[in-house]
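Here is the structure we will look at, set down as structure tokens.
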Amino acid sequence: MTKIIPGDKARQGHWGWHALRILIAGLLLAFIAWGAVEIYGELIKSPTTQQSVPEAPAAAQKSGQGG
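Numbered per my numbering, the sequence shown spans residues 333 to 399.
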């Protein structure tokens, strides 16, 4: 013969404050890691990635003007 158990009694447990603290701590650690990676990414950015367009030689500019 099987037992009839109500739905609210069949659960294994409730969430409680302990699980909530663990979830919040994990979220805070994820934000800290994200911030550290962002800062590190800005620090290692080399100045060569911000090159300007080189100018054309003066001789090529004079011959192109025609005149």
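Backbone N, C-alpha and C fix where the C-beta goes; we use that ideal spot for every residue, glycine too.
Predicted model, so just to flag it, every value in this text is computed and none were measured.
- A straight line joining the alpha-carbon of Ala-357 with that of Val-369 spans about 18 Å.
- Secondary structure at Ile-376: helix, using DSSP grouped into helix, strand and coil.
- Lys-377 and Asp-340 have their alpha carbons spaced roughly 56 Å apart.
- Distance from the CA atom of His-346 to the CA atom of Leu-360, rounded to whole angstroms, is 23 Å.
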